Amino acid sequence: MNKTLIGKEKYLFLINDSSNELKVHCENLELVKDKKLLQYNFNNFLLVVFPDKSIIYKKFLPDNYVVKYRPAFKIYKDKLQDRVLDGYKILKNESDTYYKTDTHINLKGNYIVYTNFINKINSLFNLNIIQKKITILHKTCELSSLNQGIGDLTWSSNLGQQVLDSVIDSYYFTNDFEFFYNTYTIKNDKKIRFLNYDLIDETLQLENNNEFANWNIISKYIIYKKNVTNLPKIKVIIFYDSFLLNILPLYLELFYEIYMIKEIYSNTFINLIKSDYVFEFRVERFLA
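Just so we're aligned: the sequence shown equals residues -6 to 281 in my numbering.
Structure, rendered in structure tokens:
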């Protein structure tokens, strides 16, 4: 079954996915489970919600798809109140923040969210975190050629037998930090550590196996970094998903101690790590 929906002006969207993104936004389908909401009991917490591409670019959907609803976001917002940062409000008046040929946010959009995230936590928790200024560059290319796991809506596994007029997209990048996902080679003499879910450091073992930060590795290991700087000595957990990958290096520099876990919010990890603050970044279609 095709998972790529061809929209207007060569914009591609996700369809027939397990999260029923278009049914949620067009038909008000509610999939949130109460037991997941009940686990959110950590006080120093903020949830950052990335809007689905079908919300941000709804004007490019075929005419028979009319996006009107955000039921899951409303439920989480009612529960968590000011501890939710709505990416839609941040991005709705910005241009070119998501890829045309991929489901994800691009670096331009992610940097806007990053800036607003820092402003939010500084205000909410009386912190003084300073954002890193970067220069964002741009080129047009086929995303799949970049070896960064993007361009997913052009892959044959999603496209099926459909034929596209073009797979060229706008790609935003920077020279101000080294890209991490699918390119970072794991080395034991570097500050970035890879911990198993019992917090045991397995960085050396991964180096000996010539591993790099691919999907399997980041899904299996906690990425940990301790920044020996003048940062306030706070310990932070960030739960994240694939939307954060193109800007992950900036978040690794923000706090004195940071644990990045590619999972949804989990009190098991919070109790194990005993962090001062917990932040979760989740794309809207995965609010359940």
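No residue lacks a Cβ here, since even glycine has one placed at the ideal position from N, Cα and C.
Computed from a predicted model, the values in this text were never measured in an experiment.
My output table needs one value for residue i: the three-state DSSP class, helix, strand or coil.
i	result
I193	coil
K180	coil
F187	strand
E2	helix
E273	strand
T(-3)	strand
F205	strand
I143	coil
I263	helix
Y33	coil
E23	coil
L74	The amino acid at residue 74 is misidentified as Leu; the sequence shows Gln. Q74: helix per DSSP, three-state reduction.
N223	coil
Would you kindly check if the distance between the Cβ of residue j and the Cβ of residue i is under 8 Å?
i	j	result
Y249	K219	yes
L24	N13	yes
Y252	E273	no
I179	L199	yes
L238	Y214	no
D162	K93	yes
Grab me the residues of residue i's own chain with a C-beta within less than 7 Å of its C-beta, minus the 5 sequence neighbours each way, in chain order.
i	result
F53	G0, K1, E2, Y4
N115	N121, I122
D145	D95, T96, N151
D89	K101, S163
Who pairs with residue i in a beta bridge, going by DSSP?
i	result
D79	V42
L130	F166
V156	V156 pairs with nothing; no bridge assigned.
M253	I216, I231
E200	Looking at the DSSP assignment, E200 forms no beta bridge with any residue, so it has no partner.
Y91	I98
L7	T(-3)
T161	According to the sequence shown, residue 161 is Ile rather than Thr. Answer is E135, bridged to I161.
Shortest alpha-carbon distance to residue i belongs to which of the options?
i	options	result
N209	T167, N175, S137	N175
D269	L39, L15, M(-6), F170	L39
E256	T133, S159, N223, L280	L280
P242	F173, V156, L78	F173
D234	K267, T147, I98, N112	I98
N37	L73, I68, H18	L73
V77	N109, I48, Q155, K226	N109
To which residues of the same chain is residue i closer than 6 Å at the C-beta, ignoring the five residues directly before and after it?
i	result
Q141	N175
In its own chain, which residues sit with a C-beta less than 8 Å from the C-beta of residue i, not counting the 5 before and 5 after it?
i	result
I266	L192, K228, I230, Y252
For chain B, is any of its Cβ atoms less than 8 Å away from the one on residue i?
i	result
E256	Judged by its chain identifiers, the structure shown contains no chain B, having just a single protein chain.
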